[in-house]
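So the sequence shown is residues 3 to 102, counted in our numbering.
One structure is given below, encoded as structure tokens.
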Amino acid sequence: TYVVTDNCRGCRYTECVTVCPVECFHVDDAMTYIDPENCIDCGGCAPACPVGAIEPDYRLAADKKYWIDVNRKRATETPVISARLPALPGADERRRALGR
Ligand code: SF4
């Protein structure tokens, strides 16, 4: 499965939502999450993310593996997002700070 990680937090550009063929993205006030039960591993969302927040689970660095559990849990607690939302205030500044 693919996993949304910390770079999304505070940006939440939601380009991922427009490329996902199976609506596996969920959302809260801070970021998006992928429902691992629905993800078909198409890989479309990873290059679509402006801040590189999405990676396949097997490629996550050791200190980011916990995002697998965060996505699984938060996907059960948050609504599906099926259309883009405006990026969060400060997203562009944060993206620049991330060197993106
Ligand atoms: Fe959706 Fe494909 Fe990304 Fe999985 S890898 S979340 S199916 S766009």
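Glycine included, every Cβ here is placed at the ideal spot set by N, Cα and C.
Proximity test, residue i beta-carbon vs the ligand SF4 heavy atom, cut-off 7 angstroms
i, result
"Cys51", "no"
"Pro23", "yes"
"Cys10", "no"
"Ile42", "yes"
"Gly101", "no"
"Gly54", "no"
"Ile83", "no"
Three-way DSSP call (helix, strand, coil) for residue i in this model
i, result
"Val19", "helix"
"Ile42", "coil"
"Glu57", "strand"
Cβ pair residue i, residue j closer than 8 angstroms
i, j, result
"Tyr4", "Glu57", "yes"
"Cys44", "Pro23", "yes"
"Thr20", "Arg86", "yes"
"Ala93", "Cys18", "no"
"Asp30", "Thr80", "yes"
"Leu90", "Val53", "no"
"Cys51", "Tyr15", "yes"
Rounded distance between the beta-carbons of residue j and residue i, thought under 8 angstroms
i, j, result
"Val6", "Ile36", "6 angstroms"
"His28", "Ile70", "With 8 angstroms as the limit, His28 and Ile70 do not qualify as a contact, their Cβ atoms being about 15 angstroms apart."
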